[in-house]
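Read the structure below first, then the notes.
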Amino acid sequence: MPARPVAPPAGGLGWANLGMDIVSVNRVRRLLAEYGEPFFERMLTPGELADCRTSTGLDVLSLCGRIAAKEAAFKTLRVRGRFLPWPDIVVRRSEGGWPLVELHRSAAVMAAESGITEITVSISHDVDYAVAVAAPIIAPTSVPSSETQ
Amino acid sequence: MADGLQQVKNWILDRHPERNDIAPDLDLIENRLIDSLSFVEFVFLLEQQSGTSIQMETLEVDEIRTLAAIETHFFAGTRAEVGQA
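Given below as structure tokens:
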């Protein structure tokens, strides 16, 4: 079997390893019915769960959107041999309504190792699916001293 | 096969009806039998069947990459014989 190609690491001018994910509403609805809210407490922080809550309980579409956003954000990190550190990639709703990604602990370490300072994400959903796309913000590379003079 | 490991295998097979069996050395991740969402559910199942608490943050992919690895890491004391349903 031929060896698989190796993707270059993120970083450098123009580089952006995008991440994208899609989550089935039916699948999440089944998990919620089967295990209840505690199941999602392993994936979402209390603040994220609060963002997904309405007066009638957890909004499944919002839940799916958060899950898709976390997965999409994780994909931008391009790490091997690691599972998604669910509680370390936090997707909160900003005052304007758009999602903001916070990287904590292991996710922050992985991002730093990939030269990523932040991740921006966009979420969309319709009846059956939620999708998210994420783009990393690459740390500016230091300018050689000869170019600064 | 130890009952707990058999339950794990059955759980995967239930979600992938296109498969009749899972070889002990089949890469469950590469073959997309476990993805990131089902991984959380899978950890729930492993905790139930192995009777141990699992920290997802410290779990290494290689610990659940194959049924043989799962046997080693979570059912080592149960004399499981992976690969025979």
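So the protein lines, in turn, are chains A and X. Residue numbering for the first sequence follows our numbering, starting at 1 and increasing by one per position. Residue numbering for the second sequence follows our numbering, starting at 1001 and increasing by one per position. Positions of the beta carbon are idealized from the N, C-alpha and C atoms, including for glycine. Please read these numbers as outputs of a predicted model, since none were measured by experiment.
- Around the Cβ of asparagine 17 (chain A), a 10 Å sphere holds 16 or more other Cβ atoms; the residue is buried.
- In this structure, alanine 134 (chain A) sits near alanine 72 (chain A), with a CB-CB distance shorter than 8 Å.
- If you compare the alpha carbons of X:Glu1071, X:Ile1064 and X:Thr1072 with that of aspartate 1027 (chain X), the shortest gap goes to X:Ile1064.
- Taking C-beta atoms as the reference points, aspartate 88 (chain A) and alanine 107 (chain A) count as a pair closer than 8 Å.
- Alanine 132 (chain A) and glycine 47 (chain A) do not touch by the CB rule: their CB atoms are close to 18 Å apart, not below 8 Å.
- Contact between the region 1039 to 1050 of chain X and the region 1001 to 1018 of chain X is established, with three or more Cβ pairs separated by less than 8 Å.
- Collapsing the DSSP output to three states places histidine 1073 (chain X) in a helix.
- At least one CB atom of chain X sits nearer than 8 Å to the CB of glutamate 71 (chain A).
- Judged by their CB atoms, methionine 43 (chain A) and valine 1061 (chain X) are not nearer to each other than the 8 Å cut-off.
- Restricted to the region 55 to 112 of chain A, the beta strand (DSSP E) segments that are unbroken, complete and at least 3 residues in length are 89 to 93 and 99 to 103, listed in chain order.
- Under DSSP, valine 133 (chain A) takes part in a beta bridge, and its partners are A:Met20 and A:Ser122.
- From the beta-carbon of phenylalanine 1044 (chain X), the residues of chain A found nearer than 9 Å are Tyr35, Phe39 and Arg42.
- Taking a 10 Å sphere around the C-beta of alanine 3 (chain A), we find fewer than 16 other C-beta atoms and assign the residue as exposed.
- With distances taken between CA atoms, valine 91 (chain A) lies nearest to A:Ile67 out of A:Ile67, A:Val109, A:Ser24 and A:Tyr35.
- 8 Å or more divides the Cβ of aspartate 1014 (chain X) from the Cβ of threonine 1066 (chain X).
- The residue from A:Pro5, A:Arg27 and A:Thr45 with its alpha-carbon nearest to that of serine 1038 (chain X) is A:Arg27.
- DSSP, read as helix, strand or coil, puts arginine 1065 (chain X) in coil.
- In its chain, beyond the 5 residues on either side, Tyr129 and Val131 have a beta carbon closer than 6 Å to the beta carbon of isoleucine 22 (chain A).
- Under DSSP, arginine 53 (chain A) shares a beta bridge with A:Leu58.
- Under the 8 Å criterion on CB atoms, valine 1061 (chain X) is classed as interfacial with respect to chain A.
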